[in-house]
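Some notes on the structure that comes next.
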Amino acid sequence: MTGLGVGIGWRSELDLTIERMDGVDFLEVVAENVKPARLPESLRVLRARGLTVVPHGVSLGIGGAEPPSPARLAHLAACAQALDAPLVSEHLAFVRGGGIEAGHLLPVPRTRASLRVVTENVRRAQDALPVPLALENVAAIFGWPEDELTEAEFLAELVERTGVGLLIDVANLYTNQVNLGLPAVAALDALPLDHLAYVHVAGGYEHGGIWHDTHTTTAPQAVLDLLTELCARVTPPGVLLEWDDEYPSDAVLAGELSRIRAAMAQAGERR
Numbered sequence: 127m128t129g130l131g132v133g134i135g136w137r138s139e140l141d142l143t144i145e146r147m148d149g150v151d152f153l154e155v156v157a158e159n160v161k162p163a164r165l166p167e168s169l170r171v172l173r174a175r176g177l178t179v180v181p182h183g184v185s186l187g188i189g190g191a192e193p194p195s196p197a198r199l200a201h202l203a204a205c206a207q208a209l210d211a212p213l214v215s216e217h218l219a220f221v222r223g224g225g226i227e228a229g230h231l232l233p234v235p236r237t238r239a240s241l242r243v244v245t246e247n248v249r250r251a252q253d254a255l256p257v258p259l260a261l262e263n264v265a266a267i268f269g270w271p272e273d274e275l276t277e278a279e280f281l282a283e284l285v286e287r288t289g290v291g292l293l294i295d296v297a298n299l300y301t302n303q304v305n306l307g308l309p310a311v312a313a314l315d316a317l318p319l320d321h322l323a324y325v326h327v328a329g330g331y332e333h334g335g336i337w338h339d340t341h342t343t344t345a346p347q348a349v350l351d352l353l354t355e356l357c358a359r360v361t362p363p364g365v366l367l368e369w370d371d372e373y374p375s376d377a378v379l380a381g382e383l384s385r386i387r388a389a390m391a392q393a394g395e396r397r
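Here the numbering used here runs 126 ahead of the position in the sequence shown, where the first position is 1.
So, in structure tokens, the structure goes:
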């Protein structure tokens, strides 16, 4: 994958903040929030400065039993073309069934049967997109009782079958460690990091023993420690900060990008 650098998720509430921030190398925009034929002026300004923008889908539902919607795939493809993006990312998630929307990015049952279905869905998506696809691991508050594979094993087999890229969210790995007892460092050791497209970092909060991945606060040190662990194993093409609500000051966001760079640098000292 092409080198992206350190970036931030573009949101309309952060448009002017991002335009005046130093140290932003690339952006990610939620594909469902933009119209390819009429991009927000801020994205046009930032693109003109040479910043790469990656469309990030949230509703494709590539982990469902039904094939991905041609209309949703066409929208992702149009976003990639309008933004001259080097890749598109989505979630390995189940979001709807029988026409009913879940309203959440739910974990996929990690069974052999599910793997066959998801493999076919990924291939359909790859055929419909003009650029490579990367899939993100999701945060979960429950696991399916029939799971046969760990998340890392499922992703590794999916990569082997399809060549799909990986968007590794270290905050989601942390979430699943807290909520489901899935060791995050062990996941990093099992994932095919040679297919890494880029990385997500985000904050959240604990309530009643459950970690909620809210993207509304600074990343806990444990998440940045996982970023260091990942960077000790591979040099990520890009690392991106997600912040989706309760937007802070420019200084706080700049500080988070500095914390990300420091965590990455720590890995270099360990090599």
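Yeah, the Cβ is synthetic: ideal placement off N, Cα and C, and Gly gets one too.
Distance between residue j and residue i (C-alpha atoms, nearest Å)
{"i": "A174", "j": "E167", "result": "11 Å"}
{"i": "L261", "j": "S375", "result": "30 Å"}
{"i": "R164", "j": "L275", "result": "43 Å"}
{"i": "A391", "j": "T354", "result": "8 Å"}
{"i": "N298", "j": "T143", "result": "26 Å"}
{"i": "N302", "j": "D295", "result": "11 Å"}
{"i": "L169", "j": "A211", "result": "12 Å"}
{"i": "A197", "j": "G394", "result": "43 Å"}
{"i": "R387", "j": "V155", "result": "21 Å"}
{"i": "A239", "j": "V171", "result": "46 Å"}
{"i": "A112", "j": "A266", "result": "This structure does not reach residue 112, given that the chain is present from 127 up to 397, and the question cannot be answered."}
Chain-order list of residues whose beta-carbon lies under 7 Å from that of residue i (same chain, five-residue window excluded)
{"i": "G131", "result": "D151, F152, G364"}
{"i": "H338", "result": "G330, Y331"}
{"i": "L284", "result": "L241, V244, T245, V248, V290"}
Per-residue burial, residue i [other beta carbons within 10 Å of its own, 16 or more giving buried]
{"i": "Y331", "result": "exposed"}
{"i": "I336", "result": "exposed"}
{"i": "H201", "result": "buried"}
{"i": "E272", "result": "exposed"}
{"i": "S384", "result": "exposed"}
{"i": "A377", "result": "exposed"}
{"i": "R242", "result": "exposed"}
{"i": "S138", "result": "exposed"}
{"i": "V327", "result": "buried"}
Residues of its chain near residue i, where Cβ-Cβ distance is below 6 Å and the 5 sequence neighbours each way are ignored
{"i": "P258", "result": "L213, G291"}
{"i": "Q252", "result": "L259"}
{"i": "A389", "result": "L350, L353, T354"}
Bridge-paired residues (DSSP) for residue i
{"i": "I134", "result": "L153, L367"}
{"i": "I336", "result": "H333"}
{"i": "R387", "result": "Answer is none; R387 lacks a bridge partner."}
{"i": "V311", "result": "Answer is none; V311 lacks a bridge partner."}
{"i": "A260", "result": "S215, G291"}
{"i": "H326", "result": "D295, L366"}
{"i": "L172", "result": "Per DSSP, none; premise fails for L172."}
{"i": "L232", "result": "F220"}
Residues near residue i in its chain [Cβ-Cβ closer than 8 Å; skip 5 each side]
{"i": "I69", "result": "Residue 69 lies beyond the stretch modelled for the chain, which goes from 127 to 397, so this question has no answer here."}
### Complete beta strand (DSSP E) runs within the region 176 to 219 (minimum length 3 residues, chain order)
Entirely contained in the region 176 to 219, the beta strand (DSSP E) runs reaching 3 residues are, in chain order, 178 to 182, 214 to 217.
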